[in-house]
Structure formats: structure tokens, C-alpha cells
Amino acid sequence: MAKNFIITIGRQYGSGGHEIARELAKILDVKMYDKELIELGAIKSGISEDVLHMYDEHPTNSLLYSMSLGVNPFNSSISGMSYVPLGDRVFSAQADVIREIAEKDESCIFVGRCANSILKDKENVINIFIHADIEQRIDRICEYEKISRGAAESIIRKADKRRAGYCSHFTGFKWGDVAGYDICINSGIGYENVVQLIKTLVENLNK
-19 MAKNFIITIG RQYGSGGHEI ARELAKILDV KMYDKELIEL GAIKSGISED VLHMYDEHPT
41 NSLLYSMSLG VNPFNSSISG MSYVPLGDRV FSAQADVIRE IAEKDESCIF VGRCANSILK
101 DKENVINIFI HADIEQRIDR ICEYEKISRG AAESIIRKAD KRRAGYCSHF TGFKWGDVAG
161 YDICINSGIG YENVVQLIKT LVENLNK
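With the first letter of the sequence shown counted as 1, position 104 gets the number 84 in the numbering used here; the numbers rise by one all the way through.
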């Protein structure tokens, strides 16, 4: 492909967005960033990875929540951010990492973490949202987690609500709103078909 590109993939919980991104990265021979952003954010912010995991894609920036984790929210190695709530510092660190990676002269894929909103002013970014019917997502989580359908549905709805709150809180963007993406795809058509569809789109846009 002639030009470098960036793909952002938002996803409903249990829709297979991570697996689709991983396979797409393999086929396109580019780097994929998902949980890796936690490690990179920890390095940049000086906040431990364990704490970043707790705040990852969570909307809360509560002082009480910070204290409940045994974290001092008023202690930061990031200059000028000593009194910023910990949740905000976590988001800021990850957003900075996303922007820094995006400025590199290479193509890549970002999974989640409001990357589409963070990179909204950057050119050659393809924003994708992966969704699926609730029953299909329940089936997948039941198989993966070995839990009941009721438990799986509860986890899914809580995760989706958390991601929606995270995006709304930090970006003002409505998570899952078609207006925020270039293409929305139902993974019920099959992961391989989704991957091939995105691959074809990227190739056509970069001719």
C-alpha cells in the first residue's frame, strides 16, 4: 500500500473486536495496540500497571475511588498533574501514547480507548466499530468464560455501559454512535469476512 494508515476499532463487549483486530494486524503486517497501551501509559505516567488496569476504559475519576484502591491521587510524576484525579491522568497518559504512536511513520491498529476521538483531526485514519447481536455475544462469553447465560449477559451489559460512560466522560463522544465511525460492522457475518472487508477497504482507500 502506498500510504501509511491508522485503523481504530471500537467494539461492543463480546463482539470479537480484539480477535478481529489481531487477525487484521497479522494480514496487513502492522502493529496492533490494545492492552499494550496500558504498559506504555504506565511507563509514561509513572502510574503502576496494576492501577492502570483498574482504570482502563473506566469512566470514574472519583477521589474516593482512588483512595479505595490504596492510591494517593495527589501524587504524580507527570509535571503539572499533581492535583488531577487519577482517572483523568490515566486517560491523559494513554491519549498521549496514542498520539505519539500515530505520529510515527508507520501504519498501526488501535483497539478501543476512544482512539477515534483522540485522532479525530489526523488524516488517513479509518474508524471502525464492531458490534454483534446480544445473543451471539452471550454465546461467545459463555464459551470463553465458562459461565451461565445470565452471568454472561450481566457482564456484557456492564462492560458496554462502562465503555459508553468512559467515552462520554473523557471525550463527550457517544460511544457506538454511527456518526463517529467510517464503518460499523456486525461480526455475526463471521470474523474472517469482517477482516477481509476491512482489508479490502484499507487497500481501496490507499490506492
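For glycine and all other residues, C-beta sits at the position ideal for the given N, C-alpha and C.
Within-8 Å CB hit, residue i to chain D
i: Asn107; result: Looking for chain D here will not work: only one protein chain is present.
Candidates the options, of which the one nearest residue i by Cα
i: Tyr171; options: Phe71, Ala112, Leu66, Ile136; result: Ala112
i: Ala139; options: Trp155, Gly26, Phe90, Ile169; result: Trp155
i: Ala5; options: Glu123, Ser87, Ser25, Glu103; result: Ser87
i: Ile(-13); options: Ile108, Ser148, Asp14, Arg69; result: Ile108
i: Gly226; options: Ser72, Gly(-6), Tyr124, Gly(-10); result: Outside the shown range of the chain, which is -19 to 187, sits residue 226, and nothing can be said about it.
i: Lys141; options: Tyr(-7), Lys(-17), Phe(-15), Asn(-16); result: Tyr(-7)
i: Val105; options: Arg120, Ile135, Glu83; result: Glu83
i: Pro65; options: Ser25, Glu16, Cys94, Ile136; result: Ser25
i: Asp101; options: Ile110, Val91, Gly160; result: Gly160
i: Gly92; options: Asn(-16), Lys(-17), Phe(-15), Arg(-9); result: Arg(-9)
i: Ile98; options: Ile110, Val77, Arg117; result: Val77
i: Ile169; options: Ile18, Arg143, Gly(-4); result: Gly(-4)
i: Ile18; options: Gly67, Arg137, Ile114; result: Gly67
i: Ala144; options: His38, Arg117, Ser134, Ser167; result: His38
i: Val70; options: Ile89, Ile163, Ile23; result: Ile23
i: Cys94; options: Asn(-16), Ile(-11), Lys(-17), Phe(-15); result: Ile(-11)
i: Val158; options: Asn96, Tyr146, Arg120; result: Asn96
i: Tyr146; options: Asp36, Asn(-16), Ile89; result: Asp36
i: Lys15; options: His(-2), Glu80, His149; result: His(-2)
Per-residue DSSP class, three states only, for residue i
i: Val91; result: strand
i: Asn184; result: helix
i: Ser167; result: helix
i: Phe(-15); result: coil
i: Leu99; result: coil
i: Glu86; result: coil
i: Lys154; result: coil
Limits of the beta strand (DSSP E) - the one that residue i falls within
i: Asn107; result: 105 to 111
i: Ile118; result: Note, Ile118: premise wrong, no beta strand (DSSP E); alpha helix (DSSP H) at 114 to 125.
Residue range of the unbroken alpha helix (DSSP H) whose run includes residue i
i: Ile136; result: 129 to 151
i: Tyr35; result: 29 to 35
i: Gly67; result: 66 to 82
> What alpha helix (DSSP H) runs, 4 residues minimum, are completely inside the segment -12 to 26?
Replying inline: -3 to 8, 16 to 25
> Does the count of Cβ pairs from the segment 178 to 185 and the segment 119 to 130 closer than 8 Å reach three?
Replying inline: The answer is no - the segment 119 to 130 does not touch the segment 178 to 185, with fewer than three Cβ pairs under 8 Å.
> Are at least three pairs of beta-carbons, each pair with one atom in the segment 5 to 21 and one in the segment 144 to 155, less than 8 Å apart?
Replying inline: no
> Taking contact to mean at least 3 C-beta pairs separated by less than 8 Å, is the segment 24 to 32 in contact with the segment 161 to 179?
Replying inline: no
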